[in-house]
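K.L.:
Take this structure, written in structure tokens, and hold onto it; I'll ask about it next.
There are 2 protein chains.
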Amino acid sequence: MSALKKHDVFQAVADPTRREILHLLSHQNLAISEITSHFSITRTAVVKHLTILSEANLISGKKNGREKIYHLHPEPLMEIKDWISYFEQFWDNKLSMLKFLVENEEDKKE
Amino acid sequence: MSALKKHDVFQAVADPTRREILHLLSHQNLAISEITSHFSITRTAVVKHLTILSEANLISGKKNGREKIYHLHPEPLMEIKDWISYFEQFWDNKLSMLKFLVENEEDKKE
DNA sequence: TTGACATGAAACCATTTGGTGTTATATTAT
DNA sequence: ATAATATAACACCAAATGGTTTCATGTCAA
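Here the protein sequences come in this chain order: B and E.
To convert, note that position 21 of the first sequence is 21 in my numbering; the numbers rise steadily by one, no gaps.
Take any residue in the second sequence, count from 1 to its spot, add 1000: that is its number in my numbering.
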């Protein structure tokens, strides 16, 4: 099967640098050094982020000559999307908002 | 204004326990001890999770007698939803998949 | 073939994270 | 009043996180 899932997609996406890497790779496939040039951190640190993203199956890299080209695999983000969608009812629903406001009024009385 | 945003919503939601807490609070407002009873960890640990969720403005608690009742504020999850939606084009769009496959073929030739 | 480039791999480090236990204070019920 | 309940506030801890530096290896170009 695919790589051991030591990191889940929620955790992979929790770091701003990793989110930026995903954005970079959405435009074009990039080698490690090219990705590194977009940040102020060292290549080694970038590689660690790439490893975490790989473990979450969000990216994968393949050797091409002396370079290792990474490309995006956005599918696992669906898990987050699905999780979030459950909560949409609570902000889409005006009745929920009304309920919240009423509860807040009750608080003040006490 | 609201509490210092030491933790952003992506990080808040990265922990499975915190995600479960949000689910619990989506059904009903709960006191700290009631939330704790759903887990095998100590109350102190639960309180730390609640603090992180509060800092991300996903929940808020108000004192009611000797209890502190927490309730859900799902709105900040929109930030995640919006971020994810950018990537939907890459899995919704069949042309993107074709592009990906073609690029892969090019790689092999080199 | 030799130097420059790209990556791999290891050791190390400070801070954060997710947890514990203990003690103290406020509130409720008897 | 007093015991039980609910939370608050600490101090402490091991492991994970996000970063560094150093050194080794493989590949390309001149």
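Positions of the beta carbon are idealized from the N, C-alpha and C atoms, including for glycine.
All values reported here derive from a predicted model rather than from experimental measurement.
When burial is assigned at 16 or more other CB atoms within 10 Å of the CB, is residue 29 of chain B buried or exposed?
P.N.:
Here residue 29 of chain B refers to the residue found at position 29 when the first sequence is read from its first residue. With 16 or more other Cβ atoms within 10 Å, it is buried.
K.L.:
To the nearest angstrom, report how far apart residue 1017 of chain E and residue 17 of chain B are at their CA atoms.
P.N.:
Your numbering for residue 1017 of chain E matches position 17 in the second sequence. Your numbering for residue 17 of chain B matches position 17 in the first sequence. Looking at the two C-alpha atoms, the distance is approximately 24 angstroms.
K.L.:
Are the beta-carbon atoms of residue 1035 of chain E and residue 1068 of chain E separated by less than 7 angstroms?
P.N.:
The residue labelled residue 1035 of chain E in the question sits at position 35 within the second sequence. The residue labelled residue 1068 of chain E in the question sits at position 68 within the second sequence. In this structure, residue 1068 of chain E does not lie closer than 7 angstroms to residue 1035 of chain E by Cβ.
K.L.:
Scan the region 25-59 of chain B and note each continuous alpha helix (DSSP H) run of 4 residues or more that stays entirely inside, going in chain order.
P.N.:
DSSP runs (the alpha helix (DSSP H)) wholly in the region 25-59 of chain B: 32-36 and 43-55.
K.L.:
At a Cβ cut of 9 angstroms, what residues of the region 1004-1031 of chain E count as close to chain B, listed as they run along the chain?
P.N.:
For the region 1004-1031 of chain E, which is checked against every Cβ of chain B, the residues closer than 9 angstroms are 1008, 1010, 1011, 1012, 1013, 1014, 1015, 1016, 1019, 1022, 1023, 1026 and 1029.
K.L.:
What is the rounded straight-line gap between the Cα of residue 1062 of chain E and the Cα of residue 20 of chain B?
P.N.:
The count along the second sequence starts at 1 and reaches residue 1062 of chain E at position 62. The count along the first sequence starts at 1 and reaches residue 20 of chain B at position 20. If I take the Cα positions, the gap works out to 37 angstroms.
K.L.:
Measure from the C-beta of residue 2 of chain B to each C-beta in chain E and report whether the shortest distance is under 7 angstroms.
P.N.:
Position 2 of the first sequence, counted from the first residue, corresponds to residue 2 of chain B. Caution applies to residue 2 of chain B, whose pLDDT of 41 falls short of 50 and renders its modelled position unreliable; the value that the coordinates give is listed next. So no, residue 2 of chain B is outside the interface.
K.L.:
So which of B:42, B:64 and B:74 has the shortest CA-CA distance to residue 54 of chain B?
P.N.:
Mapped onto the first sequence, residue 54 of chain B falls at position 54. The option with the nearest alpha carbon to residue 54 of chain B is B:74.
K.L.:
Can you name the residues that DSSP bridges to residue 69 of chain B?
P.N.:
To locate residue 69 of chain B, count along the first sequence from 1; it is residue 69. B:31 and B:62, per the DSSP bridge assignment.
K.L.:
Since residue 1081 of chain E meets chain B, which of its residues come closer than 7 angstroms, beta carbon to beta carbon?
P.N.:
Here residue 1081 of chain E is taken as the residue at index 81 of the second sequence, counted from 1. Near residue 1081 of chain E (Cβ distances below 7 angstroms), the residues of chain B are 84.
K.L.:
Applying the 10 Å Cβ sphere with the 16-neighbour rule, what's the burial state of residue 11 of chain B?
P.N.:
Numbered from 1 along the first sequence, position 11 holds the residue referred to as residue 11 of chain B. Buried is the call here.
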